[in-house]
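Residue numbers (our numbering): 2 to 259. No residue lacks a Cβ here, since even glycine has one placed at the ideal position from N, Cα and C. Encoded as structure tokens, the structure appears first; notes follow it.
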Amino acid sequence: GDISAMALPIQAQPGQGGQWMQSPQGITGIPPGLEYMSALDQIIVKQKIEILELLTGCEMRNKYDVLNSVGQQCYYAEEESEFCNRICCGPMREYVMHITDNSQQEVMRISHDFVCCVGCCWCATDSSCGYEVKIEAPVGNIIGYAKQQSSKWKPHIRVFDANRQPMYVVRGPCCWGCQNCFCTDDIDFPITDLTEQNVLGRMFKRWAGCGREMFTDADTFGVTFPADMAITSKALLFGTLFLVDFLYYEQQKNNNNN
């Protein structure tokens, strides 16, 4: 069925620091719940370790703490998906990612529809083969999309507005999977304008430590952007992080586990 229509109980909890970021006041003219974005120039997304998944190997629903640069929690993210889809389809599964604020109100929704054979980097552009997420803020109001583009090897993603007009390009390195106990640097995905000449920010995957990286798929990601960037643009880039996670790193971990 349509999982986006299902009710999902969200139990938002403060992150590891135990402190929520204070919501900025007096901001108008933006999607409700995105006030936090106005004060941010960096967002860190830390996937939670699922003990049952660690013990059984069964893929559980992903849950994330969303933090600012000093570790205060600004949002909480929880995946909604069907168990059989997670087992049979892995990272290509249909899912809805619910983004809630500290009052447990859903302020954003990122969704991916299942498409057979999605994810091929050779034929992703202008076809159904490209992995795509839809980003809503608030729920029911589409603010844009992020979609995988064709490439020979390096990750290539474009971010579009609600009318599917391209806005940003995100490219990754050819060694996007090379992170281990001897290579612990961040893996960078520069964000550029459409000319690809002006770097506006970056997405990155952090090294989480040997134990966490080897035995779980609980990754840590982040995105940086100008503090004065439009709030909806910040929200689009934040939503694109989940495409990067599912398309490149859930696939890698699932392959390793198999």
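Alpha-carbon spacing of residue i relative to residue j, whole angstroms
i, j, result
"R62", "V140", "20 Å"
"K49", "D186", "21 Å"
"C122", "K148", "At C122, the pLDDT of 49 sits below 50, so the modelled position is not reliable; the number obtained from the coordinates is stated separately. Approximately 11 Å, taken between the alpha carbons."
"Q198", "Y132", "25 Å"
"N69", "I188", "19 Å"
"M230", "V71", "20 Å"
"F205", "V245", "9 Å"
"Y76", "I100", "6 Å"
"Y249", "F84", "21 Å"
"H113", "D194", "24 Å"
"E107", "Q23", "17 Å"
"V170", "G27", "32 Å"
"T196", "A78", "32 Å"
Proximity below 8 Å, CB of residue i to CB of residue j
i, j, result
"G240", "I158", "no"
"Q43", "G223", "yes"
6 Å CB neighbourhood of residue i in its chain, flanking five on each side removed
i, result
"E214", "Low local confidence applies: a pLDDT of 44 at E214 is under 50, so the model's placement there is unreliable, with the coordinate-based value given in what follows. So no residue of the chain qualifies."
"A163", "I143, I144 and G145"
"I111", "M98, V134, I136, G240 and F243"
"E80", "R62, N63, Y96 and M98"
"F247", "P92"
"N103", "W21"
"G212", "In this prediction, G212 scores a pLDDT of 45, lower than 50, which makes its location untrustworthy; the coordinate-derived value is nonetheless stated afterwards. So no residue of the chain qualifies."
Cβ-based neighbour list, residue i, same chain, cut-off 8 Å, excluding 5 preceding and 5 following
i, result
"A236", "P32, L35, M38, M109, I136, A138 and I144"
"C90", "F115"
"C175", "W154 and K155"
"F161", "G145, Y146, A147, K148, P167 and M168"
"T221", "I45, V46, K47, Q48, K206, R207 and A209"
Residues of its chain near residue i, where Cβ-Cβ distance is below 7 Å and the 5 sequence neighbours each way are ignored
i, result
"F191", "Note on identity: in this sequence residue 191 is Pro, with Phe being the wrong assignment. Taken in chain order, the residues that qualify are R172, V200 and R203."
"S82", "I4, R62, R94, E95 and Y96"
"K165", "Residue identity differs from the one stated: residue 165 is Arg in this sequence, not Lys. If we look at R165 and ignore the five residues flanking it on each side, its Cβ neighbours are Y146."
"A40", "P25"
Burial state of residue i (16 or more Cβ within 10 Å)
i, result
"Q74", "buried"
"D66", "buried"
"F226", "buried"
"A228", "exposed"
"T29", "exposed"
"R87", "buried"
"T1", "Residue 1 lies beyond the stretch modelled for the chain, which goes from 2 to 259, so this question has no answer here."
"E251", "buried"
Self-check item: Every unbroken beta strand (DSSP E) within the region 30-113, with a cutoff of 3 residues, ordered by chain
Solution: 43-48, 64-68, 74-81, 96-101 and 107-113
Practice problem: Tell me the start and end of each unbroken alpha helix (DSSP H) in the region 221-246 that is at least 4 residues and wholly inside, in chain order. | Solution: 232-245
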